[in-house]
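The sequence shown lines up with residues 193 to 408 when you count with the numbering used here. Everything on this sheet refers to the single structure shown next.
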Amino acid sequence: MEKQGATKSEWQTIEHALAYLARADKLPHRTEGEKVLLDQIPPNTKRVLDLGTGDGRLLALVKLSNPSVEGVALDFSDPMIERAKKRFANDKHVSIVKHDFSLPLPAKQLGCFDAVVSSLAIHHLTHPRKKQLYTEIFNLLNPQGVFCNLEHVFSPTQNLHLKFLATTGLTPETEDRSNELLNFETQLQWLNQIGFIDVDCYWKWLELALLMGFKP
Ligand SMILES: C[S@@+](CC[C@H](N)C(=O)[O-])C[C@H]1O[C@@H](n2cnc3c(N)ncnc32)[C@H](O)[C@@H]1O
């Protein structure tokens with residue numbers, strides 16, 4: 193039986209998972225951020241971990257440009273895992289791991305990676321756990337490995353938050369209650385403190401930001 197964090201998340205319900213997947217393609221400007229992310233994955237990348245993979249969207253994009261990549265898709269939501277399994281059913285180079293990343297990553301089971309990617313997932317963690325997870329990611333990376341987090345970040349003003357919500361068809365009443373949004377500057381500081389190099393926000397549009405760093 194997999195370990196479970198303190199509370200069962202709404203992400204583990206079919207309704208919430210499907211509601212997200214229905215609007216996933218409509219998130220404005222998302223594909224621009226994904227393109228910048230894909231450009232930063234070194235061509236010699238062999239193993240990639242996708243944290244909070246959902247239906248495997250980001251890992252599938254990585255594999256489009258590099259089909260021989262061995263992928264590990266990690267999520268804790270059964271409905272999402274079902275969809276990721278379907279997507280990668282014919283790809284023997286992808287394994288699916290069920291794990292709640294509010295708990296330490298199963299480092300031995302996962303192995304090492306040339307790239308760890310994540311899209312719109314880590315912001316569901318508490319801030320202290322975000323920082324711990326970034327450290328665990330650093331430890332999983334091979335030298336010259338890259339961490340790419342296309343993330344939902346905190347707006348500097350409430351007005352900008354409302355503007356972002358409006359573009360996504362959400363309101364303060366309907367926005368995801370499991371969000372723990374944090375400004376991107378703090379997260380970049382953490383990546384630097386942990387030992388990542390060439391840390392920067394490589395792309396940003398309102399609350400969507402691509403936070404990246406490389407392992408020396
Ligand atoms: C907004 S969806 C993003 C899915 C996918 N990465 C994408 O870009 O479409 C957030 C994903 O993070 C997963 N997630 C949230 N909290 C998690 C946790 N504690 N452990 C593992 N996965 C988690 C959810 O189940 C969901 O699949």
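Where a beta carbon is used, it is the ideal one built from N, C-alpha and C, also for glycine. Here the structure is a predicted model, which means the values were calculated and not measured.
Q) Roughly how many whole angstroms lie between the Cα atoms of K238 and C304? A) Indexing the sequence shown from 1 puts residue 238 at position 46. Indexing the sequence shown from 1 puts residue 304 at position 112. Computed Cα separation, rounded: 10 Å.
Q: Would you kindly report the start and end of the unbroken alpha helix (DSSP H) that includes K357?
A: On the sequence shown, position 165 is the one that residue 357 refers to. Looking at the sequence itself, residue 357 is Leu, so the reference to Lys does not match. Counting along the chain, the alpha helix (DSSP H) containing L357 begins and ends at Q350 to T359.
Q.
Quick check: is any heavy atom of ligand 1 less than 8 Å from the C-beta of F142?
A. No answer is possible for residue 142: the residues shown for the chain start at 193 and end at 408.
Q) Whose C-beta lies closer than 6 Å to the C-beta of D306 among residues of the same chain, with five residues either side of it excluded? A) For the purposes of this step, residue 306 is taken as the residue at position 114 of the sequence shown. Closer than 6 Å at Cβ, skipping near neighbours: T237, K238, R239, N334 and G337.
Q.
Starting from L373, trace the beta strand (DSSP E) in both directions and tell me its first and last residue.
A. Position 181 of the sequence shown, counting from 1, holds the residue named residue 373. Premise fails: L373 is in no beta strand (DSSP E) and is neither H nor E.
Q.
Checking the sheet assignment: what are the DSSP bridge partners for L219?
A. Counted from its first residue, the sequence shown places residue 219 at position 27. L219 pairs with nothing; no bridge assigned.
Q | CB-CB length for W203 against S311, believed under 8 Å | A | Numbered from its first residue, the sequence shown carries residue 203 at position 11. Numbered from its first residue, the sequence shown carries residue 311 at position 119. So it is not a contact: roughly 14 Å between Cβ atoms.
Q: Note the first and the last residue of the continuous beta strand (DSSP E) segment covering H319.
A: Residue mapping note: residue 319 aligns to position 127 of the sequence shown, counting from 1. No beta strand (DSSP E) holds H319; the alpha helix (DSSP H) holding it covers H319 to L332.
(Q) Can you tell me whether E365 is helix, strand or coil according to DSSP? (A) The residue labelled residue 365 in the question sits at position 173 within the sequence shown. Correct three-state label for E365: coil.
Q) The beta strand (DSSP E) spanning D267 covers which residue range? A) For the purposes of this step, residue 267 is taken as residue 75 along the sequence shown, with counting starting at 1. Taken as a continuous stretch (DSSP letters only), the beta strand (DSSP E) holding D267 covers E262 to D267.
Q: Count the other CB atoms, across all protein chains shown, that sit within 10 Å of the CB of K407; report buried if there are 16 or more and exposed otherwise.
A: Position 215 of the sequence shown, counting from 1, holds the residue named residue 407. Buried, by the Cβ-count rule.
Q. Which of helix, strand or coil does DSSP assign to V286?
A. Your numbering for residue 286 matches position 94 in the sequence shown. The answer is strand: DSSP assigns V286 an E or B state.
Q. Which class does H208 belong to by DSSP, given the choice of helix, strand or coil?
A. Against the sequence shown, residue 208 aligns to sequence position 16. H208 falls in the helix class under three-state DSSP.
Q. In three-state terms, what does DSSP make of E343?
A. Within the sequence shown, numbered from 1, the residue matching residue 343 stands at position 151. Residue state, collapsed to three classes: strand.
Q. Just to confirm, are L398 and V391 a CB contact at a threshold of 9 Å?
A. Numbered from its first residue, the sequence shown carries residue 398 at position 206. Numbered from its first residue, the sequence shown carries residue 391 at position 199. It is not a contact, given that the beta carbons lie outside the stated cut-off.
(Q) According to DSSP, is G414 part of a helix, a strand, or is it coil? (A) It is not possible to answer for residue 414, since the shown part of the chain is limited to 193 through 408.
Q.
Below 8 Å on the Cβ atoms is my contact criterion, and I expect L374 with H319 to pass it. Report the Cβ-Cβ distance as a whole number of Å.
A. Numbered from 1 along the sequence shown, position 182 holds the residue referred to as residue 374. Numbered from 1 along the sequence shown, position 127 holds the residue referred to as residue 319. Right, the Cβ-Cβ distance comes to about 6 Å (below 8 Å), so this counts as a contact.
Q) Is the beta carbon of P271 sitting closer than 9 Å to the one on L210? A) Here the question's residue 271 lines up with position 79 in the sequence shown. Here the question's residue 210 lines up with position 18 in the sequence shown. Yes, these two residues count as a Cβ contact at 9 Å.
Q: Work out the CA separation of K284 and C340 for me, nearest whole Å.
A: Taking the first residue of the sequence shown as position 1, residue 340 is located at position 148. Taking the first residue of the sequence shown as position 1, residue 284 is located at position 92. Using only the alpha carbons, I get a separation of about 24 Å.
Q. Whose C-alpha, out of Y212, R215, G246 and L253, is nearest the C-alpha of V409?
A. This structure does not reach residue 409, given that the chain is present from 193 up to 408, and the question cannot be answered.
Q: To the nearest angstrom, report how far apart Y212 and F388 are at their CA atoms.
A: If you number the sequence shown from 1, residue 212 lands on position 20. If you number the sequence shown from 1, residue 388 lands on position 196. Approximately 31 Å between the Cα atoms of the pair.
(Q) Just verifying my parser: in three-state terms, what is the DSSP assignment at Q232? (A) In the sequence shown, residue 232 corresponds to position 40, counting from 1. If DSSP states are grouped into helix, strand and coil, Q232 belongs with coil.
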